[in-house]
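A.B. asks:
Numbering (the UniProt record's numbering), first residue to last: 1 to 485.
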């Protein structure tokens with residue numbers, strides 16, 4: 001990993017690497033600052049393979065410290081500042097970091113039992129005259145521990161070795177096509193794996209990562225315009241908000257491409273983005289922290305194959321299996337199983353969970369990741385998502401997916417966001433935001449869906465709750481519904 005960043009400094013020394021409200025840092029600047037910060041980490045006792053927890057906002061300081069951790073040969077553990085103290089403490093207990101770097105005034109970890117330092121204090125300390133040696137890091141040593149934050153499950157630390165991270169970054173770079181003149185919007189949290197990989201993808205391309213600072217999503221369009229952003233990675237809620245804002249305010253932007261993560265970007269999301277940002281294309285994707293990206297569509301694929309999330313990346317094999325574990329017939333729905341050099345090494349100190357998801361693959365002698373996601377592959381080899389195992393249920397004798405119900409809700413004019421969950425004792429519930437009323441959503445969906453897929457209740461919200469990484473928090477919605485009836 002440190003070699004990838006070193007090449008960015010060597011090949012693109014004067015190109016802007018980070019742009020924020022304080023100005024620009026070049027790739028050469030980052031390398032020099034990372035070297036100084038690495039010396040400070042060593043002075044704090046950090047050694048190769050130690051974990052260093054970075055509980056920081058998206059900032060130039062995070063990027064510098066990520067370089068520093070990798071320069072030392074340690075393991076970066078990015079954690080969102082939005083997590084509550086008990087959640088952070090749980091991660092600390094799990095990964096046992098040698099050092100935790102936090103924002104000013106962050107007292108979630110206290111000062112007992114673990115070494116904690118504020119980022120400004122760390123970066124302003126004397127670096128000394130330490131000469132950094134090339135870190136003694138093997139290809140299968142761990143580069144990152146990335147804690148998942150799904151909307152329906154407790155976080156687990158995904159073990160990300162150097163060689164697998166580098167392979168994944170290069171395979172993704174081939175498909176997303178970042179250019180050295182791109183300004184990439186860095187709003188997705190660095191504690192979120194696709195947000196973190198934006199640092200690597202811009203380094204590979206010699207592009208610039210724009211860090212607009214902590215601000216509400218409603219300001220995102222203004223930031224995109226003021227910074228001249230050309231590439232925008234989004235989660236579906238942000239995509240919905242940007243499309244709505246841009247359709248209301250037709251001012252020009254430089255955006256040429258959208259990419260996505262967090263959940264499926266539906267055909268309706270893609271259609272709205274194209275309408276709101278003429279000239280921009282939309283690359284739909286499928287992936288998960290456990291293997292990074294799996295499939296990515298081409299620039300116009302979502303027009304030719306609506307609902308597709310693209311074809312497998314270089315070196316990636318995707319198969320859909322039935323309940324017996326045998327490959328499903330073409331066009332049939334089954335669990336998505338992924339093989340390839342980007343499949344990560346399992347969960348940190350969780351052997352049973354690792355064995356359940358990461359299974360020996362007799363066909364290749366490697367490891368197959370059983371994703372828990374369901375989908376089907378069309379005749380052209382494109383993957384189509386149906387949903388997670390928890391998203392699939394049987395109603396009135398029919399197997400349905402909550403994601404297809406959400407897609408139908410989004411197709412109703414006036415609906416901005418939609419979330420569906422099966423709540424015990426209450427049935428299938430739909431929450432939505434937008435200008436249309438409940439009856440308008442009911443009648444619109446009735447024209448699109450059979451009775452088995454129509455929600456039992458439709459609830460209008462001013463906004464939907466979010467996880468710390470910007471995804472809709474379905475667990476919070478279901479818990480609220482269970483409490484309120």
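Yeah, the Cβ is synthetic: ideal placement off N, Cα and C, and Gly gets one too.
Can you tell me where the beta strand (DSSP E) holding residue 417 begins and where it ends?
C.D. replies: First-last of the beta strand (DSSP E) with residue 417: 415–423.
A.B. asks: Among 37, 58, 46 and 68, which residue has its Cα nearest to the Cα of residue 2?
C.D. replies: Nearest option by C-alpha distance: 68.
A.B. asks: Less than 8 Å separating the beta-carbons of residue 89 and residue 56?
C.D. replies: No, the Cβ-Cβ distance between residue 89 and residue 56 is not below 8 Å.
A.B. asks: Restricting to runs no shorter than 3 residues, where is the beta strand (DSSP E) found entirely within the region 155–240?
C.D. replies: Complete beta strand (DSSP E) runs here, min 3: 157–161, 183–185, 208–210 and 231–234.
A.B. asks: Out of 391, 350, 318 and 348, which one is the CA nearest neighbour of residue 361?
C.D. replies: The shortest C-alpha separation from residue 361 is found at 318.
A.B. asks: Determine which residues share a DSSP beta bridge with residue 384 and list them.
C.D. replies: DSSP output for residue 384 lists 308 and 376 as bridge partner(s).
A.B. asks: Does the distance from the CB of residue 191 to the CB of residue 78 come in under 8 Å?
C.D. replies: Yes, they are a contact pair.
A.B. asks: Short check: CB of residue 17 to CB of residue 33, under 8 Å?
C.D. replies: Contact flag unset, no.
A.B. asks: Do residue 9 and residue 27 have their C-beta atoms within less than 8 Å of each other?
C.D. replies: For residue 9 and residue 27, yes; Cβs fall inside 8 Å.
A.B. asks: For the candidate residues 185, 197 and 441, whose alpha-carbon lies nearest to that of residue 229?
C.D. replies: Comparing Cα-Cα distances from residue 229 to each of 185, 197 and 441, the minimum goes to 185.
A.B. asks: Taking 6 Å as the limit between beta carbons, can you name the residues of its chain near residue 377, skipping five residues before and five after?
C.D. replies: Counting only Cβ-Cβ distances below 6 Å, and skipping sequence neighbours, we find 320 and 383.
A.B. asks: In its own chain, which residues sit with a C-beta less than 6 Å from the C-beta of residue 182, not counting the 5 before and 5 after it?
C.D. replies: Cβ within range, chain order: 207, 230 and 231.
A.B. asks: Rounded to whole angstroms, what's the CA-CA distance from residue 409 to residue 446? Just pull it up for me.
C.D. replies: If I take the Cα positions, the gap works out to 10 Å.
A.B. asks: The beta strand (DSSP E) spanning residue 95 covers which residue range?
C.D. replies: From DSSP, residue 95 is part of no beta strand (DSSP E) but of the alpha helix (DSSP H) over 85–95.
A.B. asks: Within its chain, find whatever has a CB closer than 6 Å to the CB of residue 272; leave out the 5 residues flanking it on each side and keep chain order.
C.D. replies: So the qualifying residues of the chain are 243.
A.B. asks: Using a Cβ-Cβ cut-off of 7 Å (strictly less than) and excluding sequence neighbours within five positions of residue 210, which residues of its own chain qualify?
C.D. replies: Taken in chain order, the residues that qualify are 19, 183, 184, 185, 186, 227 and 229.
A.B. asks: Residue 106 to residue 118, Cα distance in whole Å?
C.D. replies: Going from the Cα of residue 106 to the Cα of residue 118 covers about 8 Å.
A.B. asks: Does the Cβ-Cβ distance between residue 48 and residue 189 come in under 8 Å?
C.D. replies: Cβ atoms of residue 48 and residue 189: not closer than 8 Å.
A.B. asks: So what does residue 118 bridge to, in DSSP terms?
C.D. replies: In DSSP, residue 118 forms a bridge with 102.
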